[in-house]
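Participant: Take this structure first; my questions come after.
Residue numbers (our numbering): 16 to 305.
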């Protein structure tokens with residue numbers, strides 16, 4: 016089937032099809048003349064993509080969904096549904112607080128962590144707010160309900176108030192490159208969040224992390240990778256020395272039970288992988304063979 020027929024049958028533009036191909040959602044065969052020839056499977060896949068897009072599902076999520084069997088698809092869509100329910104609940108609560116303020120000129124003592132996230136944007140120096148936003152945003156759609164959470168939040172604010180490190184010039188250069196394409200950077204952030212979701216729900220998450228560690232160790236043996244990874248390792252060292260892992264991470268675990276669960280599982284997986292492969296991270300965040 017030619018592209019014009021597909022466009023007519025599926026009620027889609029050529030531009031949209033080209034975009035889906037660019038995003039690696041579609042892989043349509045091209046003949047010797049360079050014309051696309053759509054199979055029935057291609058058309059079915061296109062219809063599935065359009066269905067997901069009609070539900071405002073992201074490209075990153077669709078890319079992951081397309082290769083799952085039907086049971087796994089429903090399971091992952093259920094996760095998206097629950098996350099949206101959580102976000103909708105937050106928005107409704109925010110509207111209630113806004114209405115309460117308008118009507119009584121008085122606000123409740125508790126406020127959503129998304130509001131806190133906005134407050135943090137005024138208190139955290141760049142690029143650290145972007146880093147914080149990227150890593151913790153999926154776990155911030157909750158409310159402060161206990162004194163323990165309030166204390167944890169206060170420690171986070173105090174940490175940033177006293178936080179000061181010198182950013183390596185190599186890392187600044189990477190930051191400058193990333194700022195040239197903010198849209199692409201946001202897509203990368205979303206892909207990271209998709210990975211986090213997979214980590215907490217896939218049965219083979221451990222094996223996936225194991226393969227990532229093996230690949231990372233193999234790459235570390237190459238001189239060009241050591242050069243490319245140097246800025247990030249330097250940044251991790253300075254963050255560690257500032258108390259990021261000893262103060263901020265524990266406070267976030269107390270602030271959000273969901274983040275605590277994710278972080279604990281990630282640490283358990285990493286420890287198991289390193290023990291199985293007889294590896295460990297040295298003081299400079301390099302993977303070393305025991």
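Glycine residues also receive a C-beta, built at the ideal position from the N, C-alpha and C atoms.
Note that the structure is a prediction, hence the values are computed from the model and not measured.
Looking at the secondary structure, which residues open and close the alpha helix (DSSP H) in which residue 251 lies?
Facilitator: 238-257
Participant: Assign residue 81 to one of three DSSP states: helix, strand, or coil.
Facilitator: coil
Participant: Skipping 5 residues on each side, what residues in its chain have a beta carbon closer than 8 Å to that of residue 35?
Facilitator: 41, 61 and 64
Participant: Could you give the residue range of the alpha helix (DSSP H) that holds residue 382?
Facilitator: Here the chain covers residues 16 to 305 and nothing more, so residue 382 does not appear.
Participant: Bridge partners for residue 303 per DSSP, in chain order?
Facilitator: Answer is 295, bridged to residue 303.
Participant: Can you list, in chain order, the residues of its chain with a C-beta nearer than 7 Å to that of residue 299? Leave out the 5 residues immediately preceding and following it.
Facilitator: 248 and 252
Participant: For residue 180, which residues from the same chain have a beta carbon less than 6 Å from its beta carbon, with the 5 sequence-adjacent residues on both sides left out?
Facilitator: 253 and 257
Participant: Please report the straight-line C-alpha distance between residue 295 and residue 143, rounded to a whole angstrom.
Facilitator: 27 Å
Participant: Buried or exposed: residue 164, going by 16 or more other Cβ atoms within 10 Å of its Cβ?
Facilitator: buried
Participant: In the structure shown, what three-state DSSP assignment does residue 50 receive?
Facilitator: coil
Participant: Is it buried or exposed for residue 116, if we count other Cβ within 10 angstroms and need 16 for buried?
Facilitator: exposed
Participant: Do you know offhand how far residue 306's Cα is from residue 55's?
Facilitator: The structure shown does not extend to residue 306, since the chain is modelled only from 16 through 305, so no value can be given for it.
Participant: Tell me whether the beta-carbon of residue 139 lies closer than 8 Å to the beta-carbon of residue 147.
Facilitator: Yes, the Cβ-Cβ distance between residue 139 and residue 147 is below 8 Å.
Participant: Quick test of the definition: if touching needs 3 or more C-beta pairs under 8 Å, does the region 256-275 touch the region 164-175?
Facilitator: yes
Participant: When you compare each of 268, 24 and 293 to residue 150 by their alpha carbons, which one comes out closest?
Facilitator: 268
Participant: Please report the distance separating the alpha-carbon of residue 222 from that of residue 288.
Facilitator: 9 Å
Participant: If you reduce the DSSP assignment to three classes, tell me which class residue 310 lands in.
Facilitator: Outside the shown range of the chain, which is 16 to 305, sits residue 310, and nothing can be said about it.
Participant: Mind checking residue 195: buried by the 16 CB within 10 Å criterion, or exposed?
Facilitator: Interpretation of residue 195 is limited by its pLDDT of 48, a score under 50 that renders its predicted location unreliable; the figure taken from the coordinates is listed afterwards. By the 10 Å Cβ count, residue 195 comes out exposed.
Participant: Under three-state DSSP, which class holds residue 45?
Facilitator: Assignment of residue 45 by DSSP, reduced to helix, strand and coil, places it in the strand class.
Participant: Do you know whose CA, among 177, 185, 292 and 106, lies nearest residue 231's CA?
Facilitator: Taking only the C-alpha atoms, the option nearest residue 231 is 292.
Participant: Taking buried to mean at least 16 other C-beta atoms within 10 Å of its own C-beta, is residue 274 buried or exposed?
Facilitator: Its Cβ being crowded by 16 or more others within 10 Å, residue 274 is buried.
Participant: Give a yes or no on whether the minimum CB-CB distance between residue 154 and chain B is below 8 Å.
Facilitator: This model lacks chain B altogether; it includes just one protein chain.
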